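Student: For the sequence shown, our numbering gives the first residue as 224, with consecutive numbering after it.
Even glycine gets a Cβ: it sits at the ideal position worked out from N, Cα and C.
Remember, predicted model here, so these are calculated numbers, not experimental data.
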Amino acid sequence: MYVGHAGKRVQAVAISPNGQWVASGDISGALMVWGAKGDHPSKGEFRLWSGEIRGISWSPDSQRIAVCGSGREVSAVCIMWDTGNKIGDMSGHQKAVNTIAFRPARPFRIATGSEDMCVNFYEGPPFKFKMSHTGKHSNFVQGTAFTPSGHLLLTCGSDGLVNVYEGTTADFRYAFPKFPCTAFSLVCPDDDTVVVAYADKHVRCFRLGQEAATLTWDVEVGKNLGDQQVGVAAAGKDSVITTCLDGRLMKWSVSDGQLIEGIVGSSGKVCSLAINPSRRASVIWTSTDSAVHEWKLENHEVLCIARGIRPSAGVLYHNGSSGLVMVDKDGTVLQGMTRLGQIPDASQLLGFSEGSPILFSAKGCRLETADGKWTVQLPRDPLALAVGEDLRCFVAAYEASTSSLQEQTTERAVHVYNSAGEEVRAIKSSHKADVCLLRFSRDEKHLAVGAVDGSVSVISTTDWATMPSTQHWTFHTSRIMSCDWLPAGSRLATAGLDKTVCIFDVATANLVTRIFDCHKDGVTCVRWFDDGTLVIYTPVATGGGDGFIRLWKI
């Protein structure tokens, strides 16, 4: 994974024809060139303009890179791949340039498509404006592509048109039949074929002729909004890969339009994670697109197992129960396909009591089980909650309160309650910031405490006191988002927004290891497998903002 864009959303990526380098552009106008293999070393960083980069195309000799985007004065440029020196002047568009294509044969040509509904043609090097086609598209130009030999140039746009031009002279040849939807992208796997991704959820393949194109196959992906086809790329001469609006990748046979493979992924950030205790090689997570996905590690298969859920409530597995527990958008608690109860304002799954899930109700400021047999009212809205096994006790942390207007001092504590909701003790917090995370160890001998300033401590439940040896765990620099205890041991893994995962040993009070730059936008959760493998996940914004899951061997 390459992390050189420093948190900026990447919108365009292209691999050099020789397969050695990758060029990627982000929304700040930075173009990064880095190695495609090994440790992905950075070759160069070039600041092209202050707007976003929308398209990248390499020359066939892998020496030049054509880039387009939404710069204020410059919206398209061609540079040398190693020095970043500009090669000519590529002005001519009045608005942002959405797409760019480098002719894959000599003489070199570059074609651009813009929001000004024009297709411009440049020749070089050094590249200079040759001609512009106006009126061929009646809406934004979304895609440009040359055939592999460079004989033809094709463009598509929001008007549903696909136009064909001569690859060398840019003379207009003909237009495809118009469809009443946006044509987002197109690719030519060979000189006689073009595959187009349409917003009407169709993928269409055409045979290119001298004066017209013939539709060879037309596949409707689905009926839902997420089935819109927003991108397409060639995977050799025999297959293409399309991108769905909901993040799926679909591989199609060019010859007959048969679906070869579907790669499922979440299109939003990941919100919660669970490990299936009955199947070691199964990871389940929820994401902001209201979907639940399962990753089978044995064959790396990812399945979408549920939709329309409340992702922020989380997911749970219980060793003595069957099925995943989650909450749908209506507040119905589901265990597999079984309805366990309905809590309209349920906001967080915390654990189990006699097999029934325990939930926190944010609006009612209360804890309750899904079967309605147990309910406890909290005095105020907590910042963090943790529930012991079978409700022997639960703990809560609240926003710090001012003890004296004159002294302006604040008191922070972790409050311990019995199953009846009666406070039995208040443990003074050693943290200088509000506590935002609480989690019991598997044997309930320890309670991990995390704060918004990145500090971590551990409370011993034997005497309900903070362990002095853990009061100086300040290895994170920002908010603690998640933590998890190793099932058979005293190790604690913590995850923070600083993109770091820390592993602590409570027995020795030492930092075992510290993993930097785990995820681009910060790590939001961490989980252990029973064998010591660590699973962490995060809302990483790479391109479409997909959530990533990574495995670590500690």
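Starting from Arg562, trace the beta strand (DSSP E) both ways and give me its first and last residue.
Tutor: In the sequence shown, residue 562 corresponds to position 339, counting from 1. That run of the beta strand (DSSP E) goes Thr561 to Gln565.
Student: Rounded to a whole number of angstroms, what is the C-alpha to C-alpha distance between Cys848 and Val455?
Tutor: An answer regarding residue 848 cannot be provided, because it is not within the stretch 224 to 777 covered by the chain.
Student: Taking Cβ to Cβ, would you say Thr322 is nearer than 9 angstroms to Val364?
Tutor: Along the sequence shown, read from residue 1 onward, the residue named residue 322 stands at position 99. Along the sequence shown, read from residue 1 onward, the residue named residue 364 stands at position 141. Cβ distance < 9 angstroms, so Thr322 and Val364 count as in contact.
Student: For the putative contact between Phe369 and Gly390, defined by C-beta atoms under 8 angstroms, what is the C-beta separation to the nearest angstrom?
Tutor: Walking along the sequence shown from the start, residue 369 turns up at place 146. Walking along the sequence shown from the start, residue 390 turns up at place 167. Right, the Cβ-Cβ distance comes to about 6 angstroms (below 8 angstroms), so this counts as a contact.
Student: Can you give the Cα-Cα distance for Val735 and Arg714, rounded to whole angstroms?
Tutor: For this step, residue 735 is matched to residue 512 along the sequence shown. For this step, residue 714 is matched to residue 491 along the sequence shown. Taking the straight line joining both Cα atoms gives about 9 angstroms.
Student: Verify whether the separation of the beta carbon atoms of Val410 and Phe399 is less than 9 angstroms.
Tutor: For the purposes of this step, residue 410 is taken as residue 187 along the sequence shown, with counting starting at 1. For the purposes of this step, residue 399 is taken as residue 176 along the sequence shown, with counting starting at 1. Cβ atoms of Val410 and Phe399: not closer than 9 angstroms.
Student: Rounded to whole angstroms, what is the Cα-Cα separation between Met224 and Cys741?
Tutor: Here residue 224 refers to the residue found at position 1 of the sequence shown. Here residue 741 refers to the residue found at position 518 of the sequence shown. Their backbone Cα atoms lie some 9 angstroms apart in a straight line.
Student: What did DSSP end up calling Asp305 once you bin it into helix, strand or coil?
Tutor: For the purposes of this step, residue 305 is identified with residue 82 of the sequence shown, where counting begins at 1. Three-state DSSP puts Asp305 in coil, outside helix and strand.
Student: Under 8 angstroms, with one C-beta from each stretch per pair, do the segment 641-649 and the segment 667-674 reach the 3-pair mark?
Tutor: With the cut-off at 8 angstroms, the segment 641-649 and the segment 667-674 do not touch.
Student: Can you tell me where the beta strand (DSSP E) holding Ala422 begins and where it ends?
Tutor: On the sequence shown, position 199 is the one that residue 422 refers to. Careful: Ala422 lies outside any beta strand (DSSP E) and carries neither H nor E.
Student: Straight-line CA distance for Leu757 to His228?
Tutor: The count along the sequence shown starts at 1 and reaches residue 757 at position 534. The count along the sequence shown starts at 1 and reaches residue 228 at position 5. Cα-Cα distance, rounded: 26 angstroms.
Student: Enumerated in chain order, which unbroken segments of the beta strand (DSSP E) with a length of 3 residues or greater are wholly contained in the segment 612-676?
Tutor: Entirely contained in the segment 612-676, the beta strand (DSSP E) runs reaching 3 residues are, in chain order, 616-620, 636-641, 646-651, 658-663 and 669-674.
Student: Give the single residue among Pro264, Ser314, Ala299 and Met340 whose Cα lies nearest to the Cα of Gly274.
Tutor: Taking the first residue of the sequence shown as position 1, residue 274 is located at position 51. The candidate whose alpha carbon is nearest that of Gly274 is Ala299.
Student: Let me know the beta strand (DSSP E) ranges lying completely inside the segment 239-289, each 3 residues or longer, listed in chain order.
Tutor: Runs of the beta strand (DSSP E) inside the segment 239-289: 244-249, 253-258, 265-270 and 276-281.
Student: Under the three-state reduction of DSSP, which class applies to Gly449: helix, strand or coil?
Tutor: Taking the sequence shown and counting its residues from 1, one reaches residue 449 at position 226. Reduced to three states, the DSSP call for Gly449 is helix.
Student: Kindly list the residues whose CB is nearer than 7 angstroms to the CB of Gly445, restricted to its own chain and excluding five residues on each side of it in sequence; keep chain order.
Tutor: Looking up residue 445 in the sequence shown gives position 222. Lys424.
Student: Go through its chain and collect everything with a Cβ distance to Asn733's Cβ below 8 angstroms, but skip five positions before and after it.
Tutor: Counted from its first residue, the sequence shown places residue 733 at position 510. Phe727.
Student: Could you tell me if Pro330 is buried or exposed, where buried requires 16 or more neighbouring beta carbons within 10 angstroms of its beta carbon?
Tutor: Translated into the one-based positions of the sequence shown, residue 330 becomes position 107. Counting Cβ neighbours within 10 Å, Pro330 comes out exposed, since fewer than 16 surround it.
Student: If we call anything under 9 angstroms between Cβ atoms a contact, is Gly564 one with Thr555?
Tutor: Position 341 of the sequence shown, counted from the start, is the residue given in the question as residue 564. Position 332 of the sequence shown, counted from the start, is the residue given in the question as residue 555. Contact flag set, yes.
Student: Sort Ser476, Lys266, Gly358 and Ile276 by Cα distance to Gly252 and report the nearest one.
Tutor: In the sequence shown, counting from the first residue as 1, residue 252 sits at position 29. The residue with the shortest Cα to Cα distance from Gly252 is Ile276.
Student: Would you give the residue range spanned by the beta strand (DSSP E) that Met549 belongs to?
Tutor: By one-based count along the sequence shown, residue 549 stands at place 326. Here the beta strand (DSSP E) through Met549 covers Val548 to Val550.
Student: For Tyr703, collect the residues of the same chain with a Cβ closer than 7 angstroms to its Cβ; drop the 5 residues on either side in sequence, then sort them by chain order.
Tutor: Within the sequence shown, residue 703 is the residue found at index 480, counting from 1. Here residue 703 turns out to be Ile, not Tyr, going by the sequence shown. Once the five neighbours on either side are set aside, the close Cβ partners of Ile703 are Cys659, Leu660, Gly673, Ala674, Gly677, Val679, Thr717 and Gly719.
Student: Taking just the CA atoms, how far does Ala656 sit from Leu628?
Tutor: If you number the sequence shown from 1, residue 628 lands on position 405. If you number the sequence shown from 1, residue 656 lands on position 433. Here Leu628 scores only 47 on pLDDT, less than 50, and its place in the model should not be relied on; the value that follows carries that caveat. If you take the alpha carbons of Leu628 and Ala656, they lie about 19 angstroms apart.
Student: Can you list, in chain order, the residues of its chain with a C-beta nearer than 6 angstroms to that of Ala289? Leave out the 5 residues immediately preceding and following it.
Tutor: On the sequence shown, residue 289 is found 66 positions in, with the first residue counted as 1. Cβ neighbours of Ala289 beyond the five flanking positions: Ser280, Cys301, Ile323, Phe325 and Ile333.
Student: Go ahead and label Pro580 buried or exposed: buried means 16 or more other beta carbons lie within 10 angstroms of its beta carbon, across all protein chains shown.
Tutor: Translated into the one-based positions of the sequence shown, residue 580 becomes position 357. Counting Cβ neighbours within 10 Å, Pro580 comes out buried, since at least 16 surround it.
Student: Going by C-alpha to C-alpha distance, which of Gln600, Trp508 and Thr378 sits closest to Val493?
Tutor: Here residue 493 refers to the residue found at position 270 when the sequence shown is read from its first residue. Nearest of Gln600, Trp508 and Thr378 to Val493, Cα basis: Trp508.
Student: So, with DSSP's three-state summary, where would you put Ser513?
Tutor: Within the sequence shown, residue 513 is the residue found at index 290, counting from 1. Coil, per DSSP.
Student: Please list, in chain order, all residues of the same chain as Thr437 whose beta carbon is under 8 angstroms from its beta carbon, the five residues on each side excluded.
Tutor: In the sequence shown, residue 437 corresponds to position 214, counting from 1. Phe429 and Arg430, listed in sequence order.
Student: On a Cα-Cα basis, can you pick out the residue from Leu254, Ala259 and Gly258 that is closest to Gly278?
Tutor: For this step, residue 278 is matched to residue 55 along the sequence shown. Residue Leu254 is the option with its Cα nearest to Gly278.
Student: Going along the chain, which unbroken runs of the alpha helix (DSSP H) with 4 or more residues stay wholly within the segment 306-368?
Tutor: Taking only runs of at least 4 residues, no alpha helix (DSSP H) segment lies wholly in the segment 306-368.
Student: Ends of the beta strand (DSSP E) at Met224?
Tutor: Within the sequence shown, the letter at position 1 stands for residue 224. No beta strand (DSSP E) contains Met224, which DSSP labels as neither H nor E.
Student: Have a look at Gly292 and Val320 and give me their C-alpha separation to the nearest angstrom.
Tutor: One-based indexing of the sequence shown puts residue 292 at position 69. One-based indexing of the sequence shown puts residue 320 at position 97. For Gly292 and Val320, the distance between alpha carbons rounds to 5 angstroms.
Student: Leaving out five residues before and five after Gly781 in sequence, what residues of the same chain have Cβ atoms less than 7 angstroms from its Cβ?
Tutor: With the chain represented from 224 up to 777, any question about residue 781 goes unanswered, as that position is not in the structure.
Student: Kindly indicate which residue of Leu606, Ser576, Ala593 and Ile566 has the alpha-carbon position closest to the one of Gly587.
Tutor: Walking along the sequence shown from the start, residue 587 turns up at place 364. The candidate whose alpha carbon is nearest that of Gly587 is Ile566.
Student: How many Å lie between Ser653 and Phe771 at the Cα?
Tutor: Counting from 1 along the sequence shown, the entry for residue 653 is found at position 430. Counting from 1 along the sequence shown, the entry for residue 771 is found at position 548. Rounded to the nearest angstrom, the two C-alpha atoms are 34 angstroms apart.
Student: Under DSSP, the beta strand (DSSP E) around Ala458 begins and ends at which residues?
Tutor: Here residue 458 refers to the residue found at position 235 when the sequence shown is read from its first residue. No beta strand (DSSP E) contains Ala458, which DSSP labels as neither H nor E.
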